[in-house]
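Student: Each step along the sequence shown adds one to the number in full-length UniProt numbering, with nothing skipped, and position 110 is 110. We put the beta carbon where it would ideally sit given N, CA and C, even for glycine. Starting off with a structure, shown below.
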Amino acid sequence: MTAQNRLFEDMAKLASGALGAAAGIRGEMEALFRQQMERVLHEMDLVTRDEFEVVRLMAEKARAENEALSQRVAALEAQLVQAVKAKPAAKPAAKKPAPRRQPKRPTPAS
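Here's what the structure looks like:
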């Protein structure tokens, strides 16, 4: 019976060693895969999440500023329309007749 227990112990050690080796191989494969993916993504010239978030925040700020400026322009246009309606158009001033020139008198010849 001890021989049988010894056999099971040896098989258990062998299995645990194989599982440890498999786990090590798995870790190496994951690292290699990650490196390969990073290289491919770098070659594709993709942006990082941080860069994307910065640009997204910039776009949101620009959109808000654009909306505020649009509202301001609309308000100023409304004020301009009210000012034009309230003030009648100025009539051009009547032209004064140009003064008449008197004909030149001949100078007496000496």
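#1: Residue range of the alpha helix (DSSP H) that residue 56 falls in?
#2: In three-state DSSP terms, what is residue 46?
#3: So, for residue 102: in the same chain, excluding its five sequence neighbours on each side, which residues have a beta-carbon less than 8 Å away from its beta-carbon?
Tutor: Looking at the atomic coordinates:
#1: Within the sequence shown, the letter at position 56 stands for residue 56. Residue 56 -> alpha helix (DSSP H) spans 49-86.
#2: As a position in the sequence shown, residue 46 is number 46, starting the count at 1. Coil at residue 46, not helix or strand.
#3: As a position in the sequence shown, residue 102 is number 102, starting the count at 1. None.
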